[in-house]
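The numbers in the sequence shown follow this note's numbering, run straight up by one, and end at 515.
Each residue gets a CB set at the ideal place from its N, CA and C atoms; glycine is no exception.
Nothing here was measured: the structure is a model prediction, and the numbers come from that model.
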Amino acid sequence: MAMKGIHHHRRMPTSHGTWETFIEAYFRIMHPQMPLLTYSEIKETWNKLWDAPQPGKVLKDRDLLYMVLAIGSRVSNYKGKQTAEWIDLWAEHFSTMANNFAMYFQEPSLKGTHFMLLKAMYALQIMRPNEAYLYFGYAARNVLAIGINRSQVTDGNNLSMHRLRVTFWTIFANEKISALFIGRPSSLCEDQVDTACPEDIFLPNTTGVDSDNPGYLKPTMECAWIRAVAKIGRVADKVSIATYSPNCMREIADVEKSEKLLLECDARLKSIAQSLPPYLHFYDRDLPIGESWQEVQRVSLGMIYYLTHMLMHRPSLMYTTFFNSIEEAENNSTGPLRIKESMDASINAARCLINLAHDVYLRRFPDIRSDGTMATFLASACITLLMMFWIRELHRSTPRLRSLRSNAGLSACMKSSITDIMKMAKDALTSMGDSFGTDLDLFDSFPWLLDIQNTYKPAPLAEERQTDTLDPNLFAPNANLTGLERNAPGSSFRSYWVENEFDLQNVPESLF
4 MAMKGIHHHR RMPTSHGTWE TFIEAYFRIM HPQMPLLTYS EIKETWNKLW DAPQPGKVLK
64 DRDLLYMVLA IGSRVSNYKG KQTAEWIDLW AEHFSTMANN FAMYFQEPSL KGTHFMLLKA
124 MYALQIMRPN EAYLYFGYAA RNVLAIGINR SQVTDGNNLS MHRLRVTFWT IFANEKISAL
184 FIGRPSSLCE DQVDTACPED IFLPNTTGVD SDNPGYLKPT MECAWIRAVA KIGRVADKVS
244 IATYSPNCMR EIADVEKSEK LLLECDARLK SIAQSLPPYL HFYDRDLPIG ESWQEVQRVS
304 LGMIYYLTHM LMHRPSLMYT TFFNSIEEAE NNSTGPLRIK ESMDASINAA RCLINLAHDV
364 YLRRFPDIRS DGTMATFLAS ACITLLMMFW IRELHRSTPR LRSLRSNAGL SACMKSSITD
424 IMKMAKDALT SMGDSFGTDL DLFDSFPWLL DIQNTYKPAP LAEERQTDTL DPNLFAPNAN
484 LTGLERNAPG SSFRSYWVEN EFDLQNVPES LF
């Protein structure tokens, strides 16, 4: 066996079958979400990879294969077979093997476009959305350079033209949604796009296309998912401009204009959900379980839909923090948007996203639990629910916390809450004792965890503090409290880390 670039790890028994499992996992889990590659072509490249190397001969599509293996190892179902570390090492290994891609920037091509998409999807698997945004942007520039955003290039009834249309709209949807998700501008201008959305196709004979496994052709042939996410991508772009653009609120009249556009986007998003074929009805829990690719597309579309709907209305949550109650915020609103209804829409979308994931993970299609992309969606939904909890506590809080909000501003309150959450994370790691080593990669990304072995003095309870602004009887037990409430520890409205001389400048900027 001769395999250029693949080195055996002494702790990793390798086999031809193990790596083939990675390829199968990619086409089972990831291919329905990005139906661009051809199974037979990847298998052909895979088989040639095991041939003896020949001088002067470079294996075609080797980089694409490495990225398929990297993503496939991440999404493979290894429970009870291998450790998570084993999978992570192989994923990193194959991804590193495909890092020599300068030529794709020098000579834009369809292959280079597919490679950038694979890099973006891998970044999502390891929960690096900013890196994914960059690769989606590279892919978008590639399609503009080779012209597949124009109908003159993509018109035609053959399979090659269909593949070009699928490629473009897959990039369009992911780039727009990624831009909204991380709050960055899009690289694509819709005014420069006239390529038609892909239609469903029927191939009476799959010979020469994917005869090894015709089942992997279905996501490419039935394009309802691509058309739906492309429409959501358009909505996401309008939401990003109407709500998150720095130029959207220059004058007071812009508020009403922005809210009207937001309501139009909301209606458009709901109409997309109503026009889906039955197998994509992510909102119907009683829908019969379909084929694996249908279940993957169903949950993927549902996650994208709920995320867009949640982010669309999340500014209403932040708006209420400038007032003492939701009712007061509603009364001060001048546009057509109902603040309470908008807040409920964002919270409901977050809950629906979590419920959808729970149903799919435990009942409909458990194999998708290894897809790391879903974790990013879930984290965003949880943050939205946490924001709602924080807002409710803020509105019924003591004058001390209201004063903090008024005098120091919203960002100070959020930083205080964030540092408390980070403190809880450090406490959790500290509680593990010596079993938690300090040489883990976790510290590379979160250096503020490095002092977890140091003991810290617990913050004094609120009633023990003597300050000029705090009533010492504020937290005194009330005679009407129940036994459980009476025994609860005192509440602290100051950050534990601030009190223990933690410098807020050391908090990662991404958490603000």
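The shortest C-alpha to C-alpha distance from tryptophan 22 to any of Glu44, Ile394, Asn50 and Ser43 is the one to Asn50. Contact annotation, phenylalanine 118 with tyrosine 125: C-beta distance approximately 11 angstroms; criterion of less than 8 angstroms not satisfied. Take alanine 176, set aside five residues on each side of it, and the residues of its chain with a beta-carbon closer than 6 angstroms to its own are Val232, Ala233 and Gly236, in chain order. Around the beta carbon of leucine 52, 16 or more other beta carbons sit within 10 angstroms, so the residue counts as buried. Boundaries of the alpha helix (DSSP H) harbouring arginine 317: 295-323, taken from the DSSP string. In its chain, beyond the 5 residues on either side, Ser349, Ala352, Ala353 and Thr387 have a beta carbon closer than 6 angstroms to the beta carbon of methionine 313. For glutamine 109, the enclosing alpha helix (DSSP H) begins and ends at 105-109. Separation of the CB atoms of glutamate 254 and leucine 340 is rounded to 17 angstroms, and the pair is thereby denied contact status at 8 angstroms.
The alpha helix (DSSP H) runs lying completely inside the region 35-89 and spanning 4 residues or more are 42-52 and 65-78, given in chain order. Each of Ser328, Thr24, Ser336 and Ile292 was checked against the Cα of arginine 367, and the nearest Cα belongs to Ile292.
Where glutamate 178 is concerned, the enclosing alpha helix (DSSP H) starts and stops at 162-185. Per DSSP, reduced to three states, the secondary structure at phenylalanine 326 is coil, with no helix or strand assignment.
For alanine 384, the closest alpha carbon among the candidates Leu264, Asn216 and Tyr309 is that of Tyr309. Bounds of the alpha helix (DSSP H) holding tyrosine 136 are 132-149. Per DSSP, tyrosine 125 is one residue of the alpha helix (DSSP H) stretching across 113-128.
When C-alpha distances from lysine 273 are compared across Ser248, Thr246 and Ile307, the shortest belongs to Ile307.
Between the alpha carbons of leucine 92 and glycine 75 lies a distance of about 13 angstroms. Excluding residues up to 5 positions away in sequence, Ile151 and Thr157 lie with their Cβ nearer than 6 angstroms to the Cβ of leucine 167 in the same chain. Short of 8 angstroms from the beta carbon of methionine 33, and not among the five residues preceding or following it, lie these beta carbons of its own chain, in chain order: Ile74, Gly75, Val78, Met124 and Asp374. About 17 angstroms separates the beta carbon of leucine 389 from that of alanine 360, a gap too long to meet the 8 angstroms contact definition.
In its chain, beyond the 5 residues on either side, Gly75, Val78 and Ser79 have a beta carbon closer than 6 angstroms to the beta carbon of alanine 28. Phenylalanine 25 sits in a helix when the DSSP states are folded into three classes.
The Cβ neighbour count for glycine 218, taken over all protein chains shown within 10 Å, is under 16; the residue is labelled exposed. The closest CA to that of arginine 230, considering only Asp257, Ile174, Glu259 and Asn102, is found on Ile174.
Membership of glycine 338 in any alpha helix (DSSP H) is not indicated, and neither H nor E is assigned to it by DSSP.
According to the DSSP assignment, glutamine 155 belongs to the alpha helix (DSSP H) that extends over 154-157. Within the same chain, Glu178 and Ser190 come within 7 angstroms of glycine 140 by CB-CB distance, once the 5 residues on both sides are set aside.
By the neighbour-count definition (other C-beta atoms within 10 Å, threshold 16), lysine 63 is an exposed residue. Contact between proline 38 and valine 242 is absent: CB atoms are separated by about 26 angstroms, not below the 8 angstroms threshold.
Residue range 256-277 is occupied by the alpha helix (DSSP H) that includes leucine 272. For glutamate 225, the secondary structure class from DSSP, reduced to helix, strand or coil, is coil. A distance below 7 angstroms separates the beta carbons of alanine 239 and leucine 183.
Cβ atoms of arginine 31 and threonine 48 stay farther apart than 8 angstroms, at about 18 angstroms. Shown here, alanine 360 sits in a helix according to DSSP, grouped into three states. Threonine 379 and tryptophan 228 have their C-alpha atoms spaced approximately 20 angstroms apart.
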